[in-house]
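Peer 1: Each residue of the sequence shown is one higher than the last, beginning at 1 in full-length UniProt numbering.
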Amino acid sequence: MAYADPENTLVIETSKGKVVIAMKPDVAPGHVDHIKKLAREGAYDGVVFHRVIDGFMAQTGDVKFGNSNLPEFNPSRAGTGGSKYPNIKAEFNAEPHKRGTASMARAQDPNSANSQFFICFADAPFLNRQYTVWGEVIEGMENVDQIKRGEPVTDPDKMVSVKVAADITE
Numbered sequence: 001m002a003y004a005d006p007e008n009t010l011v012i013e014t015s016k017g018k019v020v021i022a023m024k025p026d027v028a029p030g031h032v033d034h035i036k037k038l039a040r041e042g043a044y045d046g047v048v049f050h051r052v053i054d055g056f057m058a059q060t061g062d063v064k065f066g067n068s069n070l071p072e073f074n075p076s077r078a079g080t081g082g083s084k085y086p087n088i089k090a091e092f093n094a095e096p097h098k099r100g101t102a103s104m105a106r107a108q109d110p111n112s113a114n115s116q117f118f119i120c121f122a123d124a125p126f127l128n129r130q131y132t133v134w135g136e137v138i139e140g141m142e143n144v145d146q147i148k149r150g151e152p153v154t155d156p157d158k159m160v161s162v163k164v165a166a167d168i169t170e
C-alpha cells in the first residue's frame with residue numbers, strides 16, 4: 001500500500017485487523033518522533049488495549065506492563081507504566097479530538113505523556129487542548145470499533161505489530 005507520507009504513517013496490525021494512522025509531525029513533532037522510536041524498536045508489539053470505554057476511546061501503549069508477549073505481563077498492571085525513556089513535554093494543539101483521533105494519554109501533569117495513547121471512538125471536545133493529538137486513523141477504524149471493551153479489559157485485544165510505513169518492505 002502506498003501512503004502519502006510513509007515516514008509519518010503508523011501501520012498497526014491489531015488482533016482485530018489493520019489500523020493505519022497518519023501522524024502529525026507539524027503539530028506534535030516530539031510525540032511523533034517518540035512514537036516512531038518506540039515502533040522501530042518493536043516496543044509496541046504485543047501491547048494490549050488495557051482501557052477501552054464504549055463511545056469514548058481505546059487506550060493502549062503501556063510498553064512496560066502491557067506487553068502480552070513478555071513473561072512478566074500482568075494485566076492488572078497494564079496502564080500503569082510507560083517506556084524506558086523520559087516523559088515527553090506536552091504539545092497541546094488546535095487539532096480536535098474527533099472520531100479516529102490518536103492522542104497521548106497522560107497523568108495529572110501535562111508533561112507526563114510517555115508511550116500510552118488512545119484512539120477516539122467518537123468526538124471528545126472536552127479533551128481539546130488538554131491532550132496532545134499526534135495522529136488520525138486513515139484506514140481500519142472499523143477494526144478499532146471491534147476492540148473489546150472494559151476497564152480493565154478481560155482477555156484484551158492487542159497490537160500484534162506496530163511499524164512505520166517507510167520501514168515496511170512488501
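Don't be surprised by glycine CBs; every beta carbon is placed ideally from N, CA and C.
On a predicted model such as this, the values are computed, not experimentally measured, just so you know.
Roughly how many angstroms separate the alpha carbons of A39 and K163, rounded to a whole number?
Peer 2: Counted from its first residue, the sequence shown places residue 39 at position 39. Counted from its first residue, the sequence shown places residue 163 at position 163. Each residue's Cα considered, the two are about 5 Å apart.
Peer 1: Give the DSSP bridge partners of M23, in chain order.
Peer 2: Translated into positions along the sequence shown, residue 23 becomes position 23. Bridge partners of M23: G135.
Peer 1: Grab the span of the alpha helix (DSSP H) containing V153 for me, first residue to last.
Peer 2: Counting from one through the sequence shown, the residue named residue 153 turns up at place 153. Where V153 is concerned, there is no enclosing alpha helix (DSSP H), given that its DSSP letter is neither H nor E.
Peer 1: Across the stretch 12-22 and the stretch 145-156, are there enough close Cβ pairs to call them in contact, namely three or more that are closer than 8 Å?
Peer 2: With the cut-off at 8 Å, the stretch 12-22 and the stretch 145-156 touch.
Peer 1: Could you tell me whether the Cβ atoms of M104 and F117 are closer together than 8 Å?
Peer 2: As a first step, residue 104 is located in the sequence shown; it is residue number 104 there, counting from the start. As a first step, residue 117 is located in the sequence shown; it is residue number 117 there, counting from the start. It is a contact, given that the beta carbons lie within the stated cut-off.
Peer 1: Given that a residue counts as buried once 16 or more other Cβ atoms are within 10 Å of its Cβ, and exposed if not, what is A2?
Peer 2: The sequence position of residue 2 within the sequence shown is 2, counting from 1. Its Cβ having fewer than 16 others within 10 Å, A2 is exposed.
Peer 1: Do you know offhand how far R149's Cα is from V48's?
Peer 2: By 1-based counting over the sequence shown, the position of residue 149 is 149. By 1-based counting over the sequence shown, the position of residue 48 is 48. Their backbone Cα atoms lie some 12 Å apart in a straight line.
Peer 1: Flag this pair as touching only if the stretch 121-139 and the stretch 92-111 have three or more C-beta atom pairs under 8 Å; answer yes or no.
Peer 2: The stretch 121-139 is in contact with the stretch 92-111.
Peer 1: Can you name, in chain order, every residue of its own chain whose Cβ lies under 6 Å from the Cβ of M141, other than the five neighbours on each side?
Peer 2: Within the sequence shown, residue 141 is the residue found at index 141, counting from 1. Within the same chain, M141 has close Cβ partners G100.
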